[in-house]
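Here the structure comes first, spelled out in structure tokens, and everything after it is commentary.
2 protein chains.
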Amino acid sequence: MTVDILGAMQSAGARLTAPRRAVARVLSESHGWMSAEAITARARRHCPSIGLVTVYRTLELLESLGIARRVHGPTGCHGYALASIDDGHFIVCRACQQVIEFEGCDVDRVVRRVTRQTGFQVEAHMLELVGLCPDCGARHRTARRKP
Amino acid sequence: MTVDILGAMQSAGARLTAPRRAVARVLSESHGWMSAEAITARARRHCPSIGLVTVYRTLELLESLGIARRVHGPTGCHGYALASIDDGHFIVCRACQQVIEFEGCDVDRVVRRVTRQTGFQVEAHMLELVGLCPDCGARHRTARRKP
DNA sequence: GTACTTGCAAATAATTTGCAAATAT
DNA sequence: ATATTTGCAAATTATTTGCAAGTAC
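Respectively, the protein sequence lines represent chains A and B.
For the first sequence, position 102 matches number 102 in the numbering used here, and the numbering has no gaps at all.
For the second sequence, position 100 matches number 1100 in the numbering used here, and the numbering has no gaps at all.
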């Protein structure tokens, strides 16, 4: 595990249980975002008794610790992925659900401008890029060449 | 109605029905985002027989025409608001749900950088700012002064 | 007149809550 | 020992679908 999820949970006063370890492991082994359902299925490999509810609760915990973040699709907000960068953002592949995190979103300039123009006091922002990862992009181009 | 929603629907080949007029009117009179449920309730004033399902279908239509856009909250994606600017973005007041649209998000620079760094081919982006509108901000400060 | 729309009821999907049993510390 | 955590079943909330009746054009 790149990020010390277990350590972070422990320092936060949360108990290290088998279900939580399982969710942490699944998330850290995933290179994309996963639905709660998918996480549950995978997590059962390491903790057969785990239920969907516990996964939701663990995700909630990880989210509050800034370790996981929701991935919003145009259809809804149905995914979770690990977030190692503080205030980082995701770029998501629409084909294979791969997620890469990036930091520095240059949004400060916009925030300043919009603050000035609207009088709003901006507290948070949400940025997500969607597209095709290199592999899916290549596959896509190949597919189009010979329809 | 600032934007000619009805005209746009008509040009798209959609029929101008009472329920659709009602939804268009409600959305255009709203200064914030509204849930499908809330839109239905308001729309009944103009079209008493309207049902939630039709509202969802109308919103889907308006969204496909680029006239309405979903508002994503941290908790989910449960709102809709009018979108007059092509490729515009929202700044949302977390207290009163007021929504103001702004354009130009300076995201191009980030997109170019992330494209270079990840090899992703970016097709879309999603940006939303959350904060307090001037009124709610003032109210908030007043409330804190005398707790 | 006909193809598009509507509204209902029911289906599906996503997430949350109550609570007794299990367990990490 | 004890407060936290789990998993189930059931409740909620959000959204979609099938279909007969209604309606804009």
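Every residue, glycine too, gets a C-beta built ideally from N, C-alpha and C.
First through last residue of the alpha helix (DSSP H) which encompasses residue i
i                 : result
Glu1063 (chain B) : 1052–1064
Gln1117 (chain B) : 1107–1118
Val23 (chain A)   : 18–29
Glu37 (chain A)   : 36–43
Ile1005 (chain B) : 1005–1011
Environment of residue i [buried if 16+ CB atoms lie within 10 Å]
i                 : result
Glu1128 (chain B) : buried
Gln1097 (chain B) : buried
Pro1019 (chain B) : buried
Gly131 (chain A)  : buried
Ile85 (chain A)   : exposed
Leu1059 (chain B) : buried
Val1111 (chain B) : buried
Gly1079 (chain B) : buried
Thr118 (chain A)  : buried
Thr1054 (chain B) : buried
First and last residue of the uninterrupted beta strand (DSSP E) at residue i
i                 : result
Ala124 (chain A)  : 121–132
Ala1081 (chain B) : 1076–1082
Glu1101 (chain B) : 1099–1102
Arg1070 (chain B) : 1068–1073
His46 (chain A)   : Neither: His46 (chain A) is in no beta strand (DSSP E) and is coded neither H nor E.
Cys93 (chain A)   : 89–93
From the options, residue whose alpha carbon lies closest to that of residue i
i                 : options                                    : result
Val122 (chain A)  : B:Val1114, B:Ile1091, B:Val1099            : B:Ile1091
Leu1061 (chain B) : B:Cys1133, B:Cys1077, B:Leu1082            : B:Leu1082
His46 (chain A)   : A:His31, A:Glu37, A:Val26                  : A:Val26
Ala22 (chain A)   : A:Leu52, A:Gly13, A:Gly137                 : A:Leu52
His1072 (chain B) : B:Cys1093, B:Ala1012, B:Asp1106            : B:Cys1093
Ile1067 (chain B) : B:Gly1137, B:Cys1136, B:Gln1010, B:His1125 : B:Gln1010
Glu1037 (chain B) : B:Tyr1056, B:Pro1074, B:His1125            : B:Tyr1056
Thr115 (chain A)  : B:Leu1016, B:Ala1014, B:Cys1105            : B:Cys1105
Trp1033 (chain B) : B:Cys1077, B:Leu1016, B:Arg1113            : B:Cys1077
Ser28 (chain A)   : A:Leu16, A:Ile5, A:Ser35                   : A:Ile5
Residue i versus residue j: straight-line alpha-carbon distance, rounded
i                 : j                 : result
Thr40 (chain A)   : Gly88 (chain A)   : 25 Å
Arg139 (chain A)  : Gly7 (chain A)    : 40 Å
Thr1156 (chain B) : Pro1134 (chain B) : Because chain B here runs from 1001 to 1147, residue 1156 (chain B) falls outside it and cannot be looked at.
Ile1050 (chain B) : Arg1044 (chain B) : 6 Å
Val3 (chain A)    : Ala1024 (chain B) : 48 Å
Pro48 (chain A)   : Arg42 (chain A)   : 9 Å
Ala12 (chain A)   : Leu65 (chain A)   : 8 Å
Arg70 (chain A)   : His125 (chain A)  : 13 Å
Thr75 (chain A)   : Phe1120 (chain B) : 21 Å
Phe102 (chain A)  : Arg1109 (chain B) : 13 Å
Ser1030 (chain B) : Ile1100 (chain B) : 11 Å
Gly1137 (chain B) : Ala1095 (chain B) : 9 Å
Val1107 (chain B) : Ala14 (chain A)   : 38 Å
Glu63 (chain A)   : Leu1016 (chain B) : 45 Å
Ser35 (chain A)   : Arg113 (chain A)  : 36 Å
The ligand GTP heavy atom lying under 7 Å from the CB of residue i
i                 : result
Val1023 (chain B) : This structure lacks the ligand GTP; in fact it carries no ligand of any kind.
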